[in-house]
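For reference, the structure is listed below as structure tokens.
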Amino acid sequence: MGARIVILGGGTGGTLAANRLRRVLHDDVQIVVVDQDDAHVYQPGLLFVPFGLAHLDEIVRPRQRQLHRGIGYRQVAVDRVDLDTERVWLNDGTALEYDVLVVATGAVLVPEETEGLTGPGWMEKVFTFYTPEGATRLHDALEWFDGGRLVVDVIDMPIKCPVAPLEFCFLADWYLKELGVRDRVELTYVTPLDGAFTKPVASAALAGLLDEKGVELVTEFNAGEVDGPGGRLISYDGREVAFDLAVVVPLHSGAPYVGRSPGLGDELNFVPTDEHTLQAKARSNVFVIGDAANVPASKAGSVTHFEGEVLVENIRRFLAGRPLDATYDGHANCFIETGFHKALLIDFNYDTEPLPGHFPGTVGLPLLKESHLNHLGKLMFQWFYWHSLLAGRDVPGIGSAMPERGKHEEPASS
Ligand SMILES: Cc1cc2nc3c(=O)[nH]c(=O)nc-3n(C[C@H](O)[C@H](O)[C@H](O)COP(=O)(O)OP(=O)(O)OC[C@H]3O[C@@H](n4cnc5c(N)ncnc54)[C@H](O)[C@@H]3O)c2cc1C
């Protein structure tokens with residue numbers, strides 16, 4: 001009998017890790033993926049749903065169908081992990097024993113952690129597009145919204161895809177102009193950060209774009225309360241932002257079962273993980289991929305994809321008793337939709353912030369600059385996601401390490 005590999009989570013990371021492991025380790029291992037439901041959502045597509053540019057039936061597929069032959073699938077929630085006995089307890093009372101455990105259970109939204117957010121007004125004038133239900137309800141609300149204060153608010157970091165709320169602002173500007181009501185809408189972006197984004201060069205470029213599109217930027221605003229009926233965001237330091245329609249990105253945490261698994265997680269239920277090898281700090285036979293890890297990389301599908309290569313190599317080395325490969329560099333790569341059929345592209349890692357230039361080399365897609373080509377790249381990504389990324393294939397010419405060539409040190413010209 002080969003080594004037993006149990007993968008918790010059948011989303012982006014769990015699926016691509018399982019398919020890569022199957023290909024690399026063939027029948028030498030038994031692989032079982034566990035997920036609580038059968039709806040694999042292409043989450044970047046949620047951004048487009050409120051604007052009628054995507055529908056749920058186009059972005060949701062069954063989970064098991066994304067797994068290659070020979071990979072087991074259990075559809076049941078994980079209750080807890082017992083690191084000492086190397087067992088995963090499932091909600092149906094059964095347990096799975098493992099030799100290697102892969103944690104790929106992502107991040108969950110915890111809107112109930114913010115006072116008032118899920119109270120009166122939730123899904124009536126306060127929405128999120130971070131869930132399929134929220135994105136659909138917001139689509140209905142935007143259809144009748146023809147003027148007033150539209151506020152987009154990030155409650156606090158970390159969040160999945162930190163550029164998505166900015167993209168929402170840019171698309172809202174485009175959408176409202178298309179409807180001919182933009183001049184009747186005050187559009188505001190509210191963030192806990194001290195700028196539009198975390199890294200200085202990209203932050204300046206994105207703040208410039210917000211300004212160009214007439215979106216007011218409110219920084220260092222930590223919303224402690226949402227007053228739906230009164231239409232107010234209230235920060236911990238007593239400031240207020242008024243809204244008629246609020247689009248909120250709620251607090252995120254790791255999956256709750258992590259908190260029920262002694263020694264596995266931190267206080268937010270994310271899993272302490274070596275940022276270069278992707279091995280969990282708790283045990284040498286536990287590895288982590290994607291949003292579940294507490295590594296200082298973006299919580300993004302692209303990060304999850306790039307991590308896959310190193311993760312699978314390290315599981316192979318671990319099983320063979322060889323030293324691990326410590327080369328994951330935090331590589332992240334995101335298209336930022338800016339409306340009017342254009343997008344920016346950013347590419348960065350733990351050490352290098354997003355810089356202007358080209359990707360993946362001196363010729364290629366423009367970085368930190370709006371272009372139609374980047375917009376086409378963003379649209380094509382969905383096909384790539386289902387057919388290549390989840391299948392665990394490499395992209396020719398693009399490895400997991402961030403390419404240095406093509407990037408310029410000077411700030412982007414406006
Ligand atoms: C609105 C939005 C836009 C985005 N846009 C982009 C983008 O443009 N580019 C980009 O790179 N990334 C984007 N992302 C982020 C990207 O989708 C995630 O980073 C990526 O899916 C992370 O993969 P993961 O495997 O870690 O988590 P997921 O894909 O979320 O998978 C986690 C899985 O674990 C399962 N699970 C959790 N708890 C349990 C349990 N107790 N028992 C069993 N199963 C459990 C869940 O059901 C889920 O299937 C976006 C995300 C959102 C929400």
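Numbering-wise (the working numbering), the sequence shown opens with residue 1 and increments by one. Just so it is clear, CB atoms sit at the ideal spot from N, CA and C, and this is done for glycine as well. Computed from a prediction, not measured in an experiment: that's the story for all the values here.
With a threshold of 6 Å on Cβ separation, who are the neighbours of residue i within its own chain once the five nearest residues in sequence on each side are excluded?
i	result
residue 407	355, 357
residue 48	54
residue 399	none
residue 416	Summary: the structure shown does not reach residue 416, with the chain confined to residues 1 through 414, and so no result is reported for it.
With distances taken Cα to Cα, identify the nearest neighbour of residue i among the options.
i	options	result
residue 319	38, 57, 48, 98	98
residue 83	75, 258, 370	258
residue 326	313, 110, 333, 337	313
residue 9	139, 296, 388, 288	288
residue 108	158, 255, 148, 190	255
residue 226	246, 11, 140	246
residue 392	208, 168, 67	67
residue 401	347, 45, 379	347
residue 5	73, 50, 46, 59	73
residue 261	22, 70, 11, 79	79
residue 333	224, 367, 342	367
residue 50	376, 59, 139, 27	139
residue 12	70, 28, 102	102
residue 26	316, 92, 395	316
residue 186	40, 176, 104	176
residue 301	29, 45, 31	45
residue 174	209, 93, 75, 40	209
residue 136	322, 31, 371, 58	58
residue 404	106, 363, 29, 81	363
residue 178	133, 248, 341, 162	341
residue 125	377, 248, 90	248
residue 30	92, 40, 96	96
Determine whether the beta carbon atoms of residue i and residue j lie at a separation below 7 Å.
i	j	result
residue 156	residue 192	yes
residue 385	residue 42	yes
residue 293	residue 273	yes
residue 165	residue 154	yes
residue 278	residue 311	yes
residue 264	residue 253	no
residue 38	residue 61	no
residue 7	residue 33	yes
residue 276	residue 328	yes
residue 36	residue 77	yes
residue 111	residue 250	yes
residue 171	residue 339	yes
residue 336	residue 86	no
residue 343	residue 375	yes
residue 228	residue 70	no
residue 160	residue 299	yes
residue 373	residue 379	no
I'd like the list of long-range same chain contacts for residue i, defined as Cβ closer than 7 Å, with 5 residues on each side in sequence excluded.
i	result
residue 141	127, 245
residue 266	272, 294
residue 181	146, 147
residue 104	7, 8, 9, 11, 13, 14, 17, 289, 290, 292
residue 195	203, 207, 219
residue 94	none
residue 414	Note that residue 414 scores 43 on pLDDT, short of 50, meaning its location in the model is unreliable and no value can be drawn from it.
residue 412	Residue placement at residue 412 is poorly supported in this model, since its pLDDT is 45, which falls under 50; the coordinates are not used for a value here.
residue 217	189, 196, 207, 210
Suppose the cutoff is 8 Å on Cβ atoms and the five residues either side in sequence are ignored; what does the same chain contact list for residue i look like?
i	result
residue 221	153, 190, 191, 192, 233, 235, 239, 241
residue 394	309
residue 388	395
residue 282	83, 263, 264, 271, 272
Between residue i and ligand 2, is there a pair consisting of the residue's CB and a ligand heavy atom that are separated by less than 6 Å?
i	result
residue 283	In the structure shown, ligand 2 is absent; the only ligands present are ligand 1.
Quiz item: Any contact of the segment 223-240 with the segment 371-384, i.e. 3+ C-beta pairs under 8 Å?
Solution: no
Quiz item: Is the segment 53-62 touching the segment 12-28, taking contact as three or more C-beta pairs under 8 Å?
Solution: no
Quiz item: If you pair each beta-carbon of the segment 138-148 with each one of the segment 279-287, do three or more pairs fall below 8 Å?
Solution: no
Quiz item: Three or more C-beta pairs closer than 8 Å, one from the segment 111-128 and one from the segment 202-219: is that the case here?
Solution: no
Quiz item: Should the segment 191-207 be called in touch with the segment 346-353, which here means at least 3 C-beta pairs below 8 Å?
Solution: yes
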